[in-house]
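First comes the structure, then the notes that go with it.
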Amino acid sequence: MIKTTYLQALHYLNLSVEQNELLGVSAGSSISIGSSLSFYDIFNFKDPMDVAPGGFLATTGNTRKTEGLLNGIGYFPPLDDENFHISPETIQGAMSSVIKAMLVGVLDNNGKRSTTVGIGSSTAKAETVINTLREPLQRDLTVAPFNTWRDSVGIITPTSVSRTNNVAIVTTTPAHGLSTQYDDWGVVMNLNSGIGTASFNISTSTYPNGVPIRIINSTTFTYPNTGINTDWTAVSGTADVRVGWGGTSINLHLYYT
Amino acid sequence: MTFNWPDIPFSGTEVDAFVAEYKIVAEELYYHLPYDSTILKPQFRNDAALKKFLEYGLVYAAFIVKQRAGNSGPGTDFDLGNSPYGPTDAMSTPEKRKHLMQNLGCIATMGAMINCWKDNKEKDPSLDPYDELGSGSRSGTPISDLMDEFNGFGSSDPDDPCTGFYSKYDDVKDEVHEQNEVLWSSILVLADEVLGLFSINGHVAVHFLRKYLEGTGGVFTENSSWGRAAAYKSAHKASIKEHINYWKNNSRTVSEKTLNQTWKDANGVSATDKIYQVRFERNFLLASAYGTATVVLSGDPKLGDFEVKRLIDDYDFFYGWEIIRSDIGIDIPGSPFNDLNITSGENRRPGGNCIQNQTVCGAIDRGGFNWAIRLPVADAMGQGCWDKWEDHPSDNPGKPFSININFDNI
Numbered sequence: 040m041i042k043t044t045y046l047q048a049l050h051y052l053n054l055s056v057e058q059n060e061l062l063g064v065s066a067g068s069s070i071s072i073g074s075s076l077s078f079y080d081i082f083n084f085k086d087p088m089d090v091a092p093g094g095f096l097a098t099t100g101n102t103r104k105t106e107g108l109l110n111g112i113g114y115f116p117p118l119d120d121e122n123f124h125i126s127p128e129t130i131q132g133a134m135s136s137v138i139k140a141m142l143v144g145v146l147d148n149n150g151k152r153s154t155t156v157g158i159g160s161s162t163a164k165a166e167t168v169i170n171t172l173r174e175p176l177q178r179d180l181t182v183a184p185f186n187t188w189r190d191s192v193g194i195i196t197p198t199s200v201s202r203t204n205n206v207a208i209v210t211t212t213p214a215h216g217l218s219t220q221y222d223d224w225g226v227v228m229n230l231n232s233g234i235g236t237a238s239f240n241i242s243t244s245t246y247p248n249g250v251p252i253r254i255i256n257s258t259t260f261t262y263p264n265t266g267i268n269t270d271w272t273a274v275s276g277t278a279d280v281r282v283g284w285g286g287t288s289i290n291l292h293l294y295y296t
Numbered sequence: 018m019t020f021n022w023p024d025i026p027f028s029g030t031e032v033d034a035f036v037a038e039y040k041i042v043a044e045e046l047y048y049h050l051p052y053d054s055t056i057l058k059p060q061f062r063n064d065a066a067l068k069k070f071l072e073y074g075l076v077y078a079a080f081i082v083k084q085r086a087g088n089s090g091p092g093t094d095f096d097l098g099n100s101p102y103g104p105t106d107a108m109s110t111p112e113k114r115k116h117l118m119q120n121l122g123c124i125a126t127m128g129a130m131i132n133c134w135k136d137n138k139e140k141d142p143s144l145d146p147y148d149e150l151g152s153g154s155r156s157g158t159p160i161s162d163l164m165d166e167f168n169g170f171g172s173s174d175p176d177d178p179c180t181g182f183y184s185k186y187d188d189v190k191d192e193v194h195e196q197n198e199v200l201w202s203s204i205l206v207l208a209d210e211v212l213g214l215f216s217i218n219g220h221v222a223v224h225f226l227r228k229y230l231e232g233t234g235g236v237f238t239e240n241s242s243w244g245r246a247a248a249y250k251s252a253h254k255a256s257i258k259e260h261i262n263y264w265k266n267n268s269r270t271v272s273e274k275t276l277n278q279t280w281k282d283a284n285g286v287s288a289t290d291k292i293y294q295v296r297f298e299r300n301f302l303l304a305s306a307y308g309t310a311t312v313v314l315s316g317d318p319k320l321g322d323f324e325v326k327r328l329i330d331d332y333d334f335f336y337g338w339e340i341i342r343s344d345i346g347i348d349i350p351g352s353p354f355n356d357l358n359i360t361s362g363e364n365r366r367p368g369g370n371c372i373q374n375q376t377v378c379g380a381i382d383r384g385g386f387n388w389a390i391r392l393p394v395a396d397a398m399g400q401g402c403w404d405k406w407e408d409h410p411s412d413n414p415g416k417p418f419s420i421n422i423n424f425d426n427i
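As you go down the protein sequences, you meet chains V and H in turn. For the first sequence, position 83 (counting from the first letter as 1) is numbered 122 according to my numbering, and the numbering increases by one without interruption. For the second sequence, position 16 (counting from the first letter as 1) is numbered 33 according to my numbering, and the numbering increases by one without interruption.
In structure tokens form, the structure reads like this:
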């Protein structure tokens with residue numbers, strides 16, 4: 040049985056568990072064999088916070104070299120081109136970027152938490168899609184999505200942090216006030232006192248719209264944060280709250296039958 | 018080539034409206050919007066690939082809207098039974114087995130098998146210990162490393178492609194030089210191989226870049242050396258016509274232009290000929306060769322068939338060297354020029370004022386990134402700014418040239 044990988048990628052089927060580097064949780068896949076055979080996978084945006092497209096994502100081998108060359112030349116082949124093997128990660132990343140761009144272009148409220156088709160001409164919406172997919176320095180930052188996408192929606196106050204297995208845990212005083220109705224919250228951590236707190240901070244150069252958080256309770260949240268395990272430490276500083284993708288959920292389960 | 022939209026296996030007021038509008042916007046974008054594809058991230062510059070992303074992305078985008086809407090029916094939560102592709106007795110009949118195979122993309126063609134081999138080799142290099150399907154003699158060379166490094170350029174900061182640039186670039190350049198190769202020459206060999214596979218216009222684009230970097234200047238005509246593109250002049254002409262014919266009703270892309278009679282007389286433009294400014298948007302390789310050019314046609318393309326008679330342009334760069342034109346008489350792009358009229362491009366002398374310490378990356382920076390093409394151009398000039406090309410201290414800082422191709426006999 041031969042798989043044509045680009046089609047598999049476009050169907051968003053990954054037959055291996057993929058670690059979502061940014062989110063810090065694993066998207067899953069499974070094969071069950073019983074009275075029937077089925078495959079399922081979870082659809083997550085690779086970057087659930089930002090709207091800007093990523094790059095070529097192959098990490099090893101000849102595919103990385105091929106993608107490096109294509110990146111250098113600035114060209115992308117048709118997906119069924121047999122001369123150049125594009126990695127499934129790159130294909131899925133590009134498709135995710137197009138999906139985000141279309142959500143921004145078609146829906147109102149910059150595509151955030153909305154189900155309502157926005158007003159405006161189809162041409163204007165298509166231009167928004169194109170603006171989303173541009174090279175960084177070619178973007179028009181005065182219009183959607185970049186004029187408001189990375190706006191702060193509030194500031195909360197961390198008072199202590201710890202880290203276990205590359206997940207940071209934060210307590211706040213007062214309560215953070217973030218609604219559990221949404222799972223698209225993120226933060227830009229900016230701590231300025233406390234032992235070792237710098238490693239908890241989030242660089243907007245790397246994560247322009249912060250990193251996603253998981254709400255534990257009214258005064259506690261977690262976020263992916265690589266580093267050594269750290270005991271609870273009192274801190275001062277801010278957590279700048281952002282909104283990314285989602286609504287009630289950003290996950291999508293797919294069955295292939 | 019119309020869109021092949023997938024069925025959306027769920028419905029609802031919000032999602033139905035979204036799907037309908039998604040298709041309208043996608044079709045507007047794909048068929049009617051004359052955007053410049055070279056300013057997009059590379060993954061979106063190929064129309065065929067973009068079309069597939071739009072088609073396949075619809076299900077996922079619709080599912081997100083369906084989940085947000087929160088109304089009942091398939092696709093509203095994480096219950097697998099409500100997934101867009103519901104579980105069934107998947108392999109119970111030949112038809113269902115075929116459906117599964119098709120959804121997985123299981124195709125036993127030679128190309129698919131090679132792809133599969135390569136893909137599996139990525140996971141386990143021992144599958145191809147002799148690299149029979151690898152990148153051949155270049156594997157493991159500095160250029161091979163460069164191909165790797167191209168991936169890393171700019172990746173550390175999504176909004177600033179210059180971050181970390183110099184150390185990577187200089188390392189690779191030093192390695193190439195140790196092999197007694199010139200970096201840009203090596204890059205162009207690769208680029209010619211790659212782009213030529215996509216279209217003969219790739220050979221033209223690479224040949225023009227090579228001519229600029231060789232620094233020969235002058236006027237490029239139908240009788241000049243066309244390198245590997247020499248055998249494809251007719252196909253090149255046909256692709257220019259095809260582009261104009263597709264966009265002829267879009268005034269942004271194909272717009273009538275007035276040139277003075279002196280130039281017309283000098284270039285054999287007849288009273289019935291038409292002159293247009295043509296943006297080669299949505300056509301990456303022609304855009305790489307010309308960007309925007311002036312084209313003489315045998316007639317108005319809106320009124321019937323026509324022939325491409327002549328194309329004129331200046332091959333210069335706002336991050337490298339530019340030719341200053343007076344636009345008086347025949348002193349327009351495509352005409353012979355005096356080397357004293359070559360100056361640093363706009364990115365190095367905005368408003369005519371040289372930025373003396375402008376860096377290579379900074380010069381490229383303002384216009385976006387096609388590393389393999391822009392880097393050699395900007396790097397040939399190096400850091401700095403010169404009002405006159407001849408003042409540059411290097412033996413070969415690159416040199417622009419003009420293009421005046423008479424297609425009458427091609």
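Just so it is clear, CB atoms sit at the ideal spot from N, CA and C, and this is done for glycine as well. Values in this document were obtained by computation on a predicted structure and should not be read as measured data.
Query: Chain A contacts from the region 151-185 of chain V (Cβ-Cβ distance under 8 Å); Result: Among the protein chains in the structure shown, which are V and H, there is no chain A.
Query: Entirely enclosed beta strand (DSSP E) segments - the region 126-202 of chain V, minimum 3 residues; Result: 193-195
Query: Whole-angstrom distance between F61(H) and T19(H), CA atom to CA atom; Result: 18 Å
Query: Interfacial residues, the region 393-415 of chain H to chain V, with Cβ spacing under 7 Å; Result: none
Query: Residues sharing a beta bridge with W224(V), DSSP; Result: V282(V)
Query: Chain H contact residues for A273(V), given Cβ-Cβ distances below 8 Å; Result: The contacting residues do not exist; A273(V) stays about 32 Å from chain H at best.
Query: Residue-level contact to chain V via CB, A304(H), 7 Å cutoff; Result: no
Query: Per-residue contacts from G74(H) into chain V (C-beta, under 7 Å); Result: M134, V137, I138 and M141
Query: Close beta carbons around N248(V), own chain, < 7 Å, minus the five adjacent residues each side; Result: M88, D89, W188, R189, G225, R281 and G283
Query: Buried versus exposed, by CB contacts within 10 Å (16 or more), Q131(V); Result: buried
Query: N229(V), DSSP secondary structure in three states; Result: strand
Query: Cβ-heavy atom distance, I422(H) to the ligand SAH, below 6 Å; Result: As for the ligand SAH, it is missing from this structure, which has no ligand bound.
Query: Minimum Cβ-Cβ distance from L200(H) to chain V less than 7 Å; Result: no
Query: Continuous beta strand (DSSP E) stretch holding V313(H): start and end; Result: T309 to L314
Query: Identity of the residues DSSP links to V82(H) by a beta bridge; Result: DSSP output for V82(H) lists no bridge partner at all.
Query: Inter-residue Cα distance where the pair is E174(V) and K228(H); Result: 27 Å
Query: Pairwise C-alpha distance: S242(H) and G401(H); Result: 32 Å
Query: Residues that I359(H) bridges to, as DSSP identifies them; Result: I340(H)
Query: S135(V) versus D317(H): straight-line alpha-carbon distance, rounded; Result: 42 Å
Query: Proximal residues to K151(V) (C-beta, below 7 Å), its chain only, five neighbours per side dropped; Result: V282
Query: Beta carbon proximity, P59(H) to chain V, threshold 7 Å; Result: yes
Query: As assigned by DSSP and simplified to three states, the class of S203(H); Result: helix
Query: Buried/exposed call for G213(H), threshold 16 Cβ in 10 Å; Result: buried
Query: Contact between the region 363-372 of chain H and the region 332-345 of chain H (3+ Cβ pairs under 8 Å); Result: yes
Query: N-terminal and C-terminal residue of the beta strand (DSSP E) that E273(H) is part of; Result: V271 to E273
Query: CB of L143(V) within 7 Å of CB of T171(V), strictly; Result: Rather than Leu, the amino acid found at residue 143(V) in this sequence is Val. For V143(V) and T171(V), yes; Cβs fall inside 7 Å.
Query: Neighbour flag for L49(V) against chain H, beta carbons, 7 Å; Result: yes
Query: L109(V): contacting residues in chain H (beta-carbon distance under 7 Å); Result: P59
Query: Residue range of the alpha helix (DSSP H) that includes Q278(H); Result: Q278 to A283
Query: Residue environment, D179(V), which counts as buried when at least 16 other CB atoms sit within 10 Å; Result: exposed
Query: Same chain only: Cβ atoms within 6 Å of V271(H), ignoring 5 sequence neighbours per side; Result: I261, W264, K265, Y293 and V295
Query: Test: K40(H) CB closer than 7 Å to a CB of chain V; Result: no
Query: CB-CB length for I212(V) against T272(V), believed under 8 Å; Result: For clarity, residue 212(V) is Thr in the given sequence; the question names Ile instead. Between T272(V) and T212(V) the Cβ distance is about 14 Å, and since that is not below 8 Å, they are no contact.
Query: Contact belief for A86(H) with T154(V) at Cβ below 8 Å, rounded distance in angstroms; Result: 5 Å
Query: Assumed close pair D279(V), N205(V) - CB separation to whole angstroms, cut-off 8 Å; Result: At roughly 22 Å, the Cβ-Cβ gap does not stay under 8 Å, so D279(V) and N205(V) are not in contact.
Query: Identified DSSP bridge partners for P299(V); Result: A query on residue 299(V) cannot be resolved here, the shown segment of chain V reaching from 40 to 296 and no further.
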